[in-house]
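Just so you know, the sequence shown maps onto residues 1300 to 1547 in this note's numbering. Note that CB positions come from ideal geometry on N, CA and C, so glycine has one too. Report on the structure given below.
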Amino acid sequence: MHESIRSALRAAGAALLATVTVAAATLSGTAPASAAPAGLPGMDVSSHQGNVNWSGAWANGARFAYVKATEGTYYTNPYFAQQYNGSYDVGMIRGSYHFARPDTTSGAVQANYFVDHGGGWSKDGRTLPGALDIEYNPYGATCYGLSQASMRSWIASFVNQYYSRTGRWATIYTTTDWWSTCTGNTSQFAANNPLWIARYSSSVGTLPAGWGTYSFWQWSSSGVFPGDQNVWNGSLDRLRVLACNGPC
């Protein structure tokens, strides 16, 4: 996830959390503990984190990681091997993600680029389906100059091609606000694609249409792990089921 996007989410989340904290302290006389949400702790990283201390993250409780592999059809993470292999080597369940650029090439073309540069999947019990990071445009217009219908078509092109290449439906990372603004809050992907929601707050809030629950929640941009802080909405055993697409 881009630094500018993280900064925006961080500011919004901090303002909301401050309001909640003050209200709670007024009512109870004590401030609530600042703790991670319920779920299995994990993280996501990109080139911003450089060479990650994976043994340290594991010791602090991280059990899964998503690693940025690609962006558009012009960028690969120079630290990808250290991050993707390093997380695996310490015992984590890991996956890779692609930062979407719907204004540059088609979804199918970008799905191929992703798979060809680290975004593949194997049924080893330790590899998550690749994730499509589709969110605020750090380079220009929020919706990348696409109509809501065109954005829905672009996402469908990506996830369908990813499925064709890997046999897995990609996880979708987004925010409810962006999804509502740029896709018209479509529910068409909820049946197949796991949801990775970004919201820096004490609660996950309203989810995009169709998803009754989230799979992953990116709840903070900083914490005990390098990169962004996440939780999986379930147990380690259930995460292995997602990794294996059923029993291994």
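Find the nearest neighbour of S1395 within the set P1437, R1537 and Y1378, judged by alpha-carbon distance.
Y1378
Compute the Euclidean distance between the alpha carbons of S1519 and S1463, then round it to the nearest angstrom.
For S1519 and S1463, the distance between alpha carbons rounds to 33 Å.
On the DSSP bridge assignment, give the partners of P1340 in chain order.
V1530
According to the neighbour-count rule (16 or more other Cβ atoms, all chains shown, within 10 Å of its Cβ), is T1318 buried or exposed?
Bear in mind that the predicted position of T1318 carries a pLDDT of just 37, short of 50, making it unreliable; the figure below should be weighed with that in mind. Result: exposed.
Does the contact criterion of 3 or more C-beta pairs under 8 Å hold for the segment 1422–1430 versus the segment 1534–1542?
yes
Taking only runs of the alpha helix (DSSP H) that begin and end inside the segment 1386–1474, which ones reach a length of at least 4 residues, in chain order?
1406–1415 and 1447–1465
How is Y1383 classed by DSSP in three states: helix, strand or coil?
helix
Let me know the secondary structure DSSP gives H1494 once reduced to three states.
One detail in the question is off: residue 1494 reads as Leu in this sequence, not His. DSSP places L1494 in strand when its eight states are reduced to three.
For W1516, list the residues DSSP reports as bridge partners.
I1496 and V1530
Could you tell me whether the Cβ atoms of A1361 and F1515 are closer together than 8 Å?
no
At which residues does the alpha helix (DSSP H) containing A1542 begin and terminate?
Looking at the DSSP string, the run of the alpha helix (DSSP H) that includes A1542 is L1535 to C1543.
Here's a check: name, in chain order, each residue in its chain whose Cβ is nearer than 6 Å to the Cβ of G1406, leaving out the five neighbours to either side.
W1453, S1456 and F1457
Would you report the Cα separation of F1548 and Y1373, rounded to the nearest angstrom?
Since the first and last residues shown for the chain are 1300 and 1547, residue 1548 lies out of range.
Taking the beta carbon of P1493 as the centre, do at least 16 other beta carbons fall within 10 Å, making it buried, or is it exposed?
buried
Classify Y1438 as buried or exposed, calling it buried when 16 or more other Cβ atoms lie within 10 Å of its own Cβ.
exposed
Could you check whether V1344 and G1522 sit closer than 8 Å to each other, using their CB atoms as the reference points?
no
Taking C-alpha atoms, which residue in G1504, C1543 and A1508 lies nearest to T1480?
Distances from the CA of T1480 to each of G1504, C1543 and A1508 were compared; the closest alpha carbon is that of A1508.
Which word fits L1535, buried or exposed, when buried means at least 16 other C-beta atoms lie within 10 angstroms of its C-beta?
exposed
State yes or no: is the C-beta of W1495 within less than 8 Å of the C-beta of Y1461?
no
How many whole angstroms separate the CB atoms of T1475 and L1506, which I take to be in contact at a CB cut-off of 8 Å?
6 Å
If you check the beta carbons only, do K1367 and S1346 fall under 8 Å apart?
yes
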